[in-house]
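Okay, so here's the structure we're looking at.
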Amino acid sequence: MPRHAQAQGQRQVVQFTGIVATGDSLLGVPGATVFLPKAGRGTATNAYGYFSIPVLAGDSIVIRSLGYRNQYVVIPPDYPRQSYSVIVQLKEDATVLPEVRVFPYVTEKDFKRAFLALKLPKERGTRTAENLNEDILRRIFQNAPVTSMANYRQTMQQQQLDQQRRMGTAPNPYSNNPLLNPFSWLQLINQIKNGEFKKKD
1 MPRHAQAQGQ RQVVQFTGIV ATGDSLLGVP GATVFLPKAG RGTATNAYGY FSIPVLAGDS
61 IVIRSLGYRN QYVVIPPDYP RQSYSVIVQL KEDATVLPEV RVFPYVTEKD FKRAFLALKL
121 PKERGTRTAE NLNEDILRRI FQNAPVTSMA NYRQTMQQQQ LDQQRRMGTA PNPYSNNPLL
181 NPFSWLQLIN QIKNGEFKKK D
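Here the sequence shown stands for residues 1 to 201, where the numbers follow the UniProt record's numbering.
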């Protein structure tokens with residue numbers, strides 16, 4: 001008789017499984033908690049909203065997630081099977097969390113004192129002056145790669161200058177300077193021989 005009474009007093013273990021979904025779309029809610037308050041244990045849903053946890057017949061389970069209303073599921077006390085499956089539809093709940101203001105100082109007075117004691121750099125534009133340093137700009141200019149447009153322009157100018165030199169119309173330092181022109185020297189020598197530069201009395 002005592003054994004029969006003990007068997008009747010024990011509650012059956014039930015594997016409680018299910019999917020926690022949003023109310024309308026039935027999309028799984030990841031990270032929702034499935035908690036047994038009396039036992040002090042629980043689990044969380046996976047990325048698809050699925051969960052599985054062993055419970056006892058007659059247990060009350062709380063299912064909750066941030067942004068949704070809590071749902072309660074009660075396993076019937078006389079439930080005869082070993083598994084219990086549900087689809088829990090959570091309804092949205094717009095919960096406004098209280099504002100949290102974090103300050104690095106204990107009081108507002110300490111903050112004001114530290115703010116007034118703050119020392120800023122005296123010279124304005126020091127970073128700009130460093131960026132416009134002549135040596136740095138010269139180094140950037142010398143090492144900067146030439147663009148495709150600049151390469152094209154230089155090639156075309158060089159070709160045009162070569163063509164003008166072949167035709168004799170290009171400015172030539174040797175032809176423009178009379179001191180470097182052999183024909184000018186020949187003309188000067190002939191003028192000296194003929195006495196064109198002698199003073200006339």
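Using N, Cα and C, we set each Cβ at its ideal position, and we do this for glycine too.
Considering only the beta carbon of each residue, do I75 and G18 sit closer than 8 Å?
no
Out of R11, G42, L36, Y48, point me to the one whose CA is closest to L27's CA.
Y48
Which residues in the same chain have their Cβ closer than 6 Å to the Cβ of T33, if we skip the five residues on either side of it in sequence?
G42, A44, R64
Quickly, what does DSSP pair F35 with across the bridge? List them, please.
G42, V62
Measure the Cβ-Cβ separation of Y72 and S60 and say whether it is below 8 Å.
yes
Quick one: residues in its chain with C-beta nearer than 8 Å to the C-beta of G23, no 5 flanking neighbours on either side, listed in chain order?
Q89, L90, K91, E92
Looking only at its chain, what residues have a beta carbon closer than 6 Å to the beta carbon of G31, apart from the 5 residues adjacent to it on each side?
A44
Can you check which of these residues, V14, W185, K193, is closest to S85 by C-alpha distance?
V14
Close Cβ partners of A21 (< 8 Å) along its chain, the five nearest in sequence each way excluded
L27, G28, V29, G49, I87, V88, Q89, L90
Start and end of the beta strand (DSSP E) containing L56?
50–56
Chain-order list of residues whose beta-carbon lies under 8 Å from that of P37 (same chain, five-residue window excluded):
S60, V62
Cutoff 7 Å; reference G58; Cβ partners in own chain excluding five residues on either side:
R11, I75, P77
For my contact list, Y105 and A117 are in at a C-beta cut-off of 8 Å; report their separation, rounded to the angstrom.
With 8 Å as the limit, Y105 and A117 do not qualify as a contact, their Cβ atoms being about 12 Å apart.
Taking the alpha-carbon positions, what's the N70 to E99 distance?
23 Å
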